[in-house]
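Q:
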Amino acid sequence: MAVYALTGFSLVSLLSFGYLSWDWMKPSLVADVATDPMEKALPPTFSRPPHIIFILTDDQGYHDVGYHGSDIQTPTLDRLAAEGVKLENYYIQPICTPSRSQLITGRYQIHTGLQHSIIRPRQPNCLPLDQVTLPQKLQEAGYSTHMVGKWHLGFYKKECLPTRRGFDTFLGSLTGNVDYYTYDNCDGPGVCGYDLHEGEDVAWDQSGKYSTFLYAQRVSKILASHSPKEPIFIYVAFQAVHTPLQSPKEYIYRYRSMGNVARRKYAAMVTCMDEAVKNITWALKKYGYYDNSVIVFSTDNGGQTFSGGSNWPLRGRKGTYWEGGVRGIGFVHSPLIKRKRRTSWALVHITDWYPTLVSLARGNLSNVPGLDGYNVWPAISEGKESPRTEILHNIDPLYNHAKYGSLEDGFGIWNTAVQASIRVGEWKLLTGDPGYSDWIPPQTLTNFPGSWWNLERLTNGLRKSVWLFNITADPYERYDLSDQRPDVVRTLLMRLVHYNRTAIPVRYPAENPRAHPDFNGGAWGPWASEDDGEEWEGGGEPLKSRNKKKKKCKICKLRSFFRKLNTRLMSNRI
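Take 1 as the starting number for the sequence shown in full-length UniProt numbering and just add one per residue.
1) Buried or exposed: where does T299 fall if 16 or more other Cβ atoms within 10 Å of its Cβ makes it buried?
2) Counting pairs of beta carbons, one from the region 512–532 and one from the region 173–193, are three or more of them closer than 8 Å?
3) Report buried or exposed for P121, applying the criterion of at least 16 other Cβ atoms within 10 angstroms of its Cβ.
4) Are V270 and Y90 touching if we call contact CB-CB under 8 Å?
5) I'd like to check one pair, W204 with S173: are the Cβ atoms closer than 8 Å?
6) Judging by CA-CA distance, which residue of T133, E426, T305 and A417 is the nearest neighbour of G432?
7) Does the contact criterion of 3 or more C-beta pairs under 8 Å hold for the region 409–416 versus the region 371–389?
8) Closer than 8 Å is the cut-off here; do at least three beta carbon pairs connect the region 313–333 with the region 358–371?
9) Counting pairs of Cβ atoms below 8 Å between the region 88–102 and the region 490–497, do you hit three or more?
10) Verify whether the separation of the beta carbon atoms of I280 and K265 is less than 8 Å.
11) On the criterion of 16 or more Cβ atoms from any shown chain inside 10 Å, does A224 qualify as buried, or is it exposed?
12) In chain order, what residues of the same chain lie with their CB nearer than 8 Å to the CB of E530, ignoring the 5 residues before and after it?
13) Rounded to whole angstroms, what's the CA-CA distance from G84 to H333? Just pull it up for me.
14) Apart from the five residues just before and just after V219, which ones in its own chain have a Cβ nearer than 7 Å to its Cβ?
15) Between Y321 and D352, which are expected to be in contact by the criterion C-beta below 8 Å, what is the C-beta distance as a whole number of angstroms?
16) With DSSP run on the structure shown, which of helix, strand or coil describes Y90?
17) Which residues does DSSP list as the beta-bridge partners of G410?
18) CB-CB under 6 Å to I110, same chain, minus the five flanking residues each way: which ones, in chain order?
19) Please name the residue, chosen from Y183, A515 and C96, that lies closest to L153 on a Cα-to-Cα basis.
20) By DSSP, does H197 sit in helix, in strand, or in coil?
21) Determine the direct distance from the alpha carbon of P441 to that of S307, and round the result to whole angstroms.
22) Across which residues does DSSP place I232 in a beta bridge pair?
23) Please state the DSSP three-state secondary structure of H333.
24) If you measure between the beta carbons of Y476 and W439, is that distance less than 8 Å?
25) Quick check: what's the CA-CA separation for K278 versus S117?
26) Under 8 Å: do the region 505–515 and the region 479–491 share three or more Cβ pairs, one atom per stretch?
27) Spatial neighbours of Q419 within its chain, please: C-beta separation below 6 Å, excluding the five flanking residues on both sides.
28) Locate the alpha helix (DSSP H) running through E159, then write down its first and last residues.
29) Since I295 sits in a beta bridge, which residues does DSSP pair it with?
30) In whole angstroms, give me the CA-to-CA distance for H197 and Y62.
31) With a 10 Å radius around its C-beta and 16 neighbouring C-beta atoms as the bar for buried, classify T133 as buried or exposed.
32) Between the beta-carbon of L429 and the beta-carbon of G106, is there less than 8 Å?
33) Who are C272's beta bridge partners in DSSP?
34) Report yes if the C-beta distance between T169 and G208 is below 8 Å; otherwise report no.
35) Verify whether the separation of the beta carbon atoms of D78 and S310 is less than 8 Å.
As structure tokens, this is what we get:
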């Protein structure tokens, strides 16, 4: 009885905020009327390849943009989205490395070996070197390519660096989490180093500059020094709004009335990032790029709710396969879009940007077989139906197996203890442990009852390892239909089996002490030689090197040298 009362309370709460008044199936939302009724749905016929600006934010929650009803001010994002095409059926991955790898390769993470967790700073691991990246394809098409911001796709060898993977220039961090001013990153007690790089060199001289401003300024500088007559691709991967929660004081002051301190700082960071996007857009216009440009905006995963983010009214948070972890903020803004100022409900995934952008650049995709992404430009620009009908969110064989999952529960064809999730049409299936499953209201509601969602999660999730939702009718994942529709469960399990047969072994090697910044002048950076090889077994652990003793001796000889060098470098910084 108590469960029904709590559920009723949650629905009333949703109604009070206006979310259940959204009609997710309303035809006018799927395809708004074009401004010109005589427009024809023809392939793009640009006079020259467009300039492409891809903006990726870090840990920005689904609710944390003005046009999703947020209390956070994002006037630039709101305007760009309103004048372009809002993507309201857009999916990303639940954590950093997977989203970035799928953007850069156009492939699911099961096809790159990165299906488990993230690439850690001390791991001898990076985006597989046999993958042809998005910037490499754009270089082939005659583009100048530049990256500004967070890489997080591995750096243990120089071959792994952005400048070796298709970018002409790079300014940013290699790891996943740095201080916004000092650019220091600690990967455990005493394992700290500086992480801001210019090309393949450490950018010591940039310390003290707030990263959001620094990155926007670099984009403006790139545009000012390039000719708008030549196509350019700029990948802007803001560190914002990932922790640590740091922002210039003047932005925090705007949100002084917010009761939740984490939310206040987080909101300031979002607004600061919004202003940086404004400056980038202004630079595109000032230097003559805008009229022939395509701006893509995307988040990398859901918001981290205990660090100020909000995915309300979606379920879950960053790191989970609930909608709050994988449904992203996304829009495209461009004068080249044929049907502007509308909301699209076409199914789009982050892997789709690879073939979409290469096609816009008039590049060649025939020599890149096996892509998991689709060219969705006709769906975005002309309102056509998306070629995508399903999304493999992931299959992670190394994640902690669910206690109550079994092969029997998976009809003898799938072990439901394994963490996996897939979307096929309007149906979404989750197996194993999908992650923290609460519905968490915006943190500004400091007087909101704090126990009902925990009770509901514990009651509904007890002894389960399979969930099925009709995402079109139930975007908040409140009504598990796995018991009512075993036929659909079995069908989606078969799709998981199909994908699993195509998966390559997981690349998740053990950390290596040679990666310690103390051995690299006090900074994070490549530490393995170019002819240093790592071999992986199926389980993801590195095989023991035949030259292990020799490598140990080499480290001993270098340790003293690097400590002395680090001391000199640090004294120069001071």
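Just so you know, even glycine gets a beta-carbon here, dropped at the ideal spot from N, CA and C.
A: With the given structure in hand:
1) As a first step, residue 299 is located in the sequence shown; it is residue number 299 there, counting from the start. Buried, because 16 or more other Cβ atoms sit within 10 Å of the Cβ of T299.
2) Yes, since at least three Cβ pairs between the region 512–532 and the region 173–193 fall closer than 8 Å, the two stretches touch.
3) Residue numbering aside, residue 121 sits at position 121 when the sequence shown is read from its first letter. P121 should be labelled buried.
4) Here the question's residue 270 lines up with position 270 in the sequence shown. Here the question's residue 90 lines up with position 90 in the sequence shown. V270 is not a Cβ neighbour of Y90, given a cutoff of 8 Å.
5) For this step, residue 173 is matched to residue 173 along the sequence shown. For this step, residue 204 is matched to residue 204 along the sequence shown. Not closer than 8 Å, so no.
6) Numbered from its first residue, the sequence shown carries residue 432 at position 432. Distance check between G432 and each of T133, E426, T305 and A417 places A417 closest, using alpha-carbon atoms only.
7) Three or more Cβ pairs closer than 8 Å define a contact, and the region 409–416 falls short of that threshold against the region 371–389.
8) No: fewer than three Cβ pairs fall under 8 Å.
9) Contact between the region 88–102 and the region 490–497 is absent, with fewer than three C-beta pairs closer than 8 Å.
10) The residue given as residue 280 occupies position 280 in the sequence shown. The residue given as residue 265 occupies position 265 in the sequence shown. Between I280 and K265, the CB-CB gap reaches or exceeds 8 Å.
11) Taking the first residue of the sequence shown as position 1, residue 224 is located at position 224. Exposed, because fewer than 16 other Cβ atoms sit within 10 Å of the Cβ of A224.
12) The residue given as residue 530 occupies position 530 in the sequence shown. Sequence-distant partners of E530 (beyond 5 residues in either direction) whose C-beta falls short of 8 Å from its own C-beta, in its chain, are K157, K158 and E159.
13) Residue mapping note: residue 84 aligns to position 84 of the sequence shown, counting from 1. Residue mapping note: residue 333 aligns to position 333 of the sequence shown, counting from 1. G84 and H333: Cα-Cα distance of roughly 4 Å.
14) The residue you call residue 219 lines up with position 219 of the sequence shown. Scanning its chain for C-beta atoms nearer than 7 Å, with the 5 sequence neighbours on each side dropped, one finds around V219 the residues V148, I234, V236, I280 and A283, in chain order.
15) Translated into positions along the sequence shown, residue 321 becomes position 321. Translated into positions along the sequence shown, residue 352 becomes position 352. Approximately 19 Å separates the beta-carbon atoms of Y321 and D352; this is outside 8 Å, ruling out the contact.
16) Sequence index remark: in the sequence shown, residue 90 carries index 90 (1-based). Y90 falls in the strand class under three-state DSSP.
17) Within the sequence shown, the letter at position 410 stands for residue 410. In DSSP, G410 forms no bridge with anything.
18) Taking the first residue of the sequence shown as position 1, residue 110 is located at position 110. Short of 6 Å from the beta carbon of I110, and not among the five residues preceding or following it, lie these beta carbons of its own chain, in chain order: I395 and A503.
19) Position 153 of the sequence shown, counting from 1, holds the residue named residue 153. Minimum Cα distance to L153 is reached at C96.
20) Taking the sequence shown and counting its residues from 1, one reaches residue 197 at position 197. DSSP places H197 in the strand class (E or B) of the three-state scheme.
21) Residue 307 sits at position 307 when you count from the first residue of the sequence shown. Residue 441 sits at position 441 when you count from the first residue of the sequence shown. Roughly 13 Å between the two C-alpha positions.
22) Counting from one through the sequence shown, the residue named residue 232 turns up at place 232. Secondary-structure assignment with DSSP links I232 through a beta bridge to S144.
23) One-based indexing of the sequence shown puts residue 333 at position 333. It is a strand residue.
24) One-based indexing of the sequence shown puts residue 476 at position 476. One-based indexing of the sequence shown puts residue 439 at position 439. Cβ atoms of Y476 and W439: closer than 8 Å.
25) The sequence position of residue 278 within the sequence shown is 278, counting from 1. The sequence position of residue 117 within the sequence shown is 117, counting from 1. The alpha-carbon atoms of K278 and S117 are separated by roughly 33 Å.
26) With a cut-off of 8 Å on Cβ pairs, the region 505–515 is not in contact with the region 479–491, counting fewer than three such pairs.
27) Counting from one through the sequence shown, the residue named residue 419 turns up at place 419. The answer, listed in chain order, is D396, Y399, G432 and D433.
28) To locate residue 159, count along the sequence shown from 1; it is residue 159. According to the DSSP assignment, E159 belongs to no alpha helix (DSSP H), since it is labelled neither H nor E.
29) As a working note, residue 295 is residue 295 in the sequence shown. I295 is bridged to I53 and H333.
30) Here residue 197 is taken as the residue at index 197 of the sequence shown, counted from 1. Here residue 62 is taken as the residue at index 62 of the sequence shown, counted from 1. Looking at the two C-alpha atoms, the distance is approximately 30 Å.
31) As a working note, residue 133 is residue 133 in the sequence shown. With 16 or more other Cβ atoms inside 10 Å of its own Cβ, T133 counts as buried.
32) As a first step, residue 429 must be located in the sequence shown, where it is residue number 429. As a first step, residue 106 must be located in the sequence shown, where it is residue number 106. Against a cut-off of 8 Å, the Cβ pair of G106 and L429 comes out as no contact.
33) In the sequence shown, residue 272 corresponds to position 272, counting from 1. The partner list for C272 (beta bridge, DSSP) is empty, contrary to what the question assumes.
34) Taking the sequence shown and counting its residues from 1, one reaches residue 169 at position 169. Taking the sequence shown and counting its residues from 1, one reaches residue 208 at position 208. Cβ atoms of T169 and G208: not closer than 8 Å.
35) To locate residue 78, count along the sequence shown from 1; it is residue 78. To locate residue 310, count along the sequence shown from 1; it is residue 310. No, Cβ-Cβ distance for D78 and S310 is not below 8 Å.
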